[in-house]
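Under this note's numbering, the first residue of the sequence shown carries the number 2, and numbering increases by one thereafter. To start, the structure itself, in structure tokens.
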Amino acid sequence: METSHYESMCPGFYTFVPEMASLLHTCQLKNGIRLIHRPNQSDVAHFGLIVHTGTRDENPNEHGLAHFMEHMFFKGTTKRSAYQIISRLEDVGGEINAYTAKEETALHASFLKQDYFRAIELIQDIFLHSSFPEKEREKEAEVILSEIQGYDDSPSELIFDRAEELLFPNHSIGRNILGTEESLGRFRNGMLENFHAENYATDEIVLSSVGNLSFAEIKKTAEKYFGSIPQKSRTRKRFQPETVSAKRVVEKRNTYQKHCMMLGSAYALPDQKRLQLYLLNNILGGSGMNSRLNMALRERRGYSYSAESHYAPYTDTGAMMIYFSSDAEKFDLSMRVVRDEIRKLRTTLIADSRLKHARKQMMGQLAISHENNEHLMLSSGKSFLIFNRVDSLDTILKKLEEITVHGLRETANEILDPHLMNTLIFE
């Protein structure tokens, strides 16, 4: 089972339809569940169920429940034991997995195309008929507790969770995905069932598929296994996080290195400037080794092994994060370099040639990530879930071409204002 931190870490949540958009097939079942299928010529197929429910939909007493449910999905249904769930696809060389994020949960599988119907039936059984056996709950809580302790032992991972708590205090979107030892201990009988009933709405479910099968066959199978689910809307409502004043927080962690996270609010998923910020983030501290932060801190000065930035958009808010770590004696110098790189983006126009290279780099990264058909299935499904569409490559290219150096500087001034950014330091 996976835990998704931030889409921008995964890779960035921006997806497209390779080649022709007409190759993508979509429909909606009578109960509101949507289906998206991308045919290909591979012997391996991928299928996922993505529901627009994540940890932000938890009540305060349910912290970690969405992730706990993801684990419990694999512990038994009304007709299968945990072993039978695991073996159903593994016996034919396939894989089944799941992930929990702040705003969605996914069950997904990879398998030979002839086992497509076996995979769909298994995911339907897990999603609709999980029994959440009592004898497995305490055992699985111990597994998750070990997962939590693993994060606590890794300051470079823990600081991301703590930073969002700082940015979104007293809001579920700011809480970590795994929960805590205390919150796990508060889970009682009926909580999983209630969370499932109140949050898993048919109009917020997407079935996503990539494989060498006809769309007619896929649609018929989806209707067979998911079409009879009664139409249902979500009963819980989401509330937008409030904007709070920036803070500087230092936590004693007794680590060899000092770790720093600077972060502030950013554009939400529907914002038209979202792609502009993705591009700016890529230039500043994205996955490329030639990002400004990596070049300034690591390559030129040797101050830091890790220097990166991340943009995490949600449906009604977003977070922009800048992270680095360094030895204590180089920390103040590193901080000065980071602030200088931010200042340059806010005051100096990027060269037209650099913007051109940044566009090419981003398109190359997107294209390479979409060579992975499992990733294509999940990212296309999420795009369809949020926007009810998946953009073509030509559409994204056109949007990238519309971004100007003046627009990037404007975005830098809106998002990277030092007076509006929180600072969290582990030392």
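Using N, Cα and C, we set each Cβ at its ideal position, and we do this for glycine too.
Notebook entry, point to check: Can you give the Cα-Cα distance for His53 and Ala329, rounded to whole angstroms?
Noted result: Within the sequence shown, numbered from 1, the residue matching residue 53 stands at position 52. Within the sequence shown, numbered from 1, the residue matching residue 329 stands at position 328. Between the alpha carbons of His53 and Ala329 lies a gap of roughly 42 Å.
Next item on the list: Would you mind listing the alpha helix (DSSP H) stretches within the segment 201-251 that are 4+ residues and don't spill past its ends, in chain order?
Entry: 216-227
Note to self: Within 10 Å of its beta-carbon, does Asn423 have 16 or more other beta-carbons around it, so buried, or fewer, so exposed?
What the structure shows: On the sequence shown, residue 423 is found 422 positions in, with the first residue counted as 1. Answer is buried; the Cβ neighbour count reaches 16.
Margin query: Rounded to whole angstroms, what is the Cα-Cα separation between Arg89 and Arg119?
Written below: On the sequence shown, position 88 is the one that residue 89 refers to. On the sequence shown, position 118 is the one that residue 119 refers to. Going by the C-alpha atoms only, they are around 8 Å apart.
Margin query: Based on DSSP bridge pairs, tell me the residues matched to Tyr312.
Written below: The sequence position of residue 312 within the sequence shown is 311, counting from 1. DSSP lists Met321 as partners of Tyr312.
Item checked: Rounded C-alpha distance that separates His6 from Val211 -> Stepping through the sequence shown from its first residue, residue 6 is reached at position 5. Stepping through the sequence shown from its first residue, residue 211 is reached at position 210. Low confidence applies to His6: its pLDDT is 45, below 50, so where it sits in the model is not reliable, and the reading given next is rough at best. The straight-line gap separating the alpha-carbon atoms of His6 and Val211 is approximately 24 Å.
Item checked: Identified DSSP bridge partners for His26 -> One-based indexing of the sequence shown puts residue 26 at position 25. Per the DSSP secondary-structure output, His26 pairs in a beta bridge with His38.
Note to self: Does Thr412 come out as helix, strand or coil in the three-state DSSP assignment?
What the structure shows: What you label residue 412 is simply residue 411 of the sequence shown in a count that begins at 1. In this structure, Thr412 counts as helix in the three-state DSSP scheme.
Notebook entry, point to check: Can you find at least 3 beta carbon pairs, one from the segment 171-186 and one from the segment 214-229, that sit closer than 8 Å?
Noted result: no
Margin query: I need the DSSP call for Ser307, collapsed to helix, strand or coil.
Written below: Taking the sequence shown and counting its residues from 1, one reaches residue 307 at position 306. Correct three-state label for Ser307: coil.
Item checked: Candidates Ser393, Ala359 and Lys259, of which the one nearest Tyr304 by Cα -> Here residue 304 corresponds to residue number 303 of the sequence shown, with the count starting at 1. It is Lys259.
Next item on the list: Give me the Cβ distance between Leu346 and Ala413, rounded to the nearest whole Å; I'm assuming they're in contact under 8 Å.
Entry: Here residue 346 refers to the residue found at position 345 of the sequence shown. Here residue 413 refers to the residue found at position 412 of the sequence shown. At roughly 4 Å, the Cβ-Cβ gap stays under 8 Å, so Leu346 and Ala413 are in contact.
Check: Quick one: what does DSSP say Thr424 is sitting in, helix, strand or coil?
Finding: For this step, residue 424 is matched to residue 423 along the sequence shown. In this structure, Thr424 counts as strand in the three-state DSSP scheme.
Notebook entry, point to check: Is it true that the segment 253-267 meets the segment 318-332, where meeting means three or more beta-carbon pairs spaced less than 8 Å apart?
Noted result: yes
Next item on the list: Tell me where the alpha helix (DSSP H) around Tyr112 begins and ends.
Entry: Reading the sequence shown from its first residue, position 111 is the one you call residue 112. The question names Tyr, but residue 112 in the sequence shown is Phe. Taken as a continuous stretch (DSSP letters only), Phe112 belongs to no alpha helix (DSSP H), being part of the beta strand (DSSP E) at Thr106 to Leu113.
Checklist line | Sub-7 Å separation of Ser111 and Glu135 beta-carbons | finding: Taking the sequence shown and counting its residues from 1, the one referred to as residue 111 is at position 110. Taking the sequence shown and counting its residues from 1, the one referred to as residue 135 is at position 134. Against a cut-off of 7 Å, the Cβ pair of Glu135 and Ser111 comes out as no contact.
Next item on the list: Closer than 8 Å by C-beta to Ala223: which residues in its own chain qualify, once you throw out the five before and the five after it? Chain order, please.
Entry: As a first step, residue 223 must be located in the sequence shown, where it is residue number 222. Excluding sequence neighbours, Ala223 sits near Leu30, Ile34, Leu36, Ile121 and Leu208.
Margin query: Does the beta-carbon of Glu224, which I'm using as the reference point, lie nearer than 6 Å to any heavy atom of the ligand SAM?
Written below: In the structure shown, the ligand SAM is absent, as is every other ligand, since no ligand is present at all.
Check: Run through DSSP, which three-state label would Leu50 get?
Finding: On the sequence shown, residue 50 is found 49 positions in, with the first residue counted as 1. It is a strand residue.
Next item on the list: Work out the CA separation of Ser292 and Asn283 for me, nearest whole Å.
Entry: Within the sequence shown, the letter at position 282 stands for residue 283. Within the sequence shown, the letter at position 291 stands for residue 292. Going from the Cα of Asn283 to the Cα of Ser292 covers about 7 Å.
Checklist line | Residues bridged to His260 (per DSSP) | finding: Here residue 260 refers to the residue found at position 259 of the sequence shown. DSSP lists Ser326 and Phe427 as partners of His260.
Next item on the list: Less than 8 Å between the CB atoms is what I'm expecting for His130 and Lys76, so what's the real figure, rounded?
Entry: Counted from its first residue, the sequence shown places residue 130 at position 129. Counted from its first residue, the sequence shown places residue 76 at position 75. Not really, about 12 Å apart at Cβ, beyond 8 Å.
Note to self: Let's see if you can read the secondary structure: which residues bound the alpha helix (DSSP H) around Tyr268?
What the structure shows: If you number the sequence shown from 1, residue 268 lands on position 267. It is not in any alpha helix (DSSP H) - Tyr268 carries neither H nor E in the DSSP assignment.
Check: Touching or not, the segment 333-351 and the segment 361-380, by the rule of three or more beta carbon pairs under 8 Å?
Finding: Short answer: they don't touch.
Check: With Leu276 and Leu401 assumed to form a contact (beta carbons below 8 Å), what rounded beta-carbon distance in angstroms separates them?
Finding: By 1-based counting over the sequence shown, the position of residue 276 is 275. By 1-based counting over the sequence shown, the position of residue 401 is 400. Indeed they touch by this definition, with Cβ atoms about 7 Å apart.
Check: Is Leu417 helix, strand or coil by DSSP?
Finding: Your numbering for residue 417 matches position 416 in the sequence shown. It is coil, neither helix nor strand.
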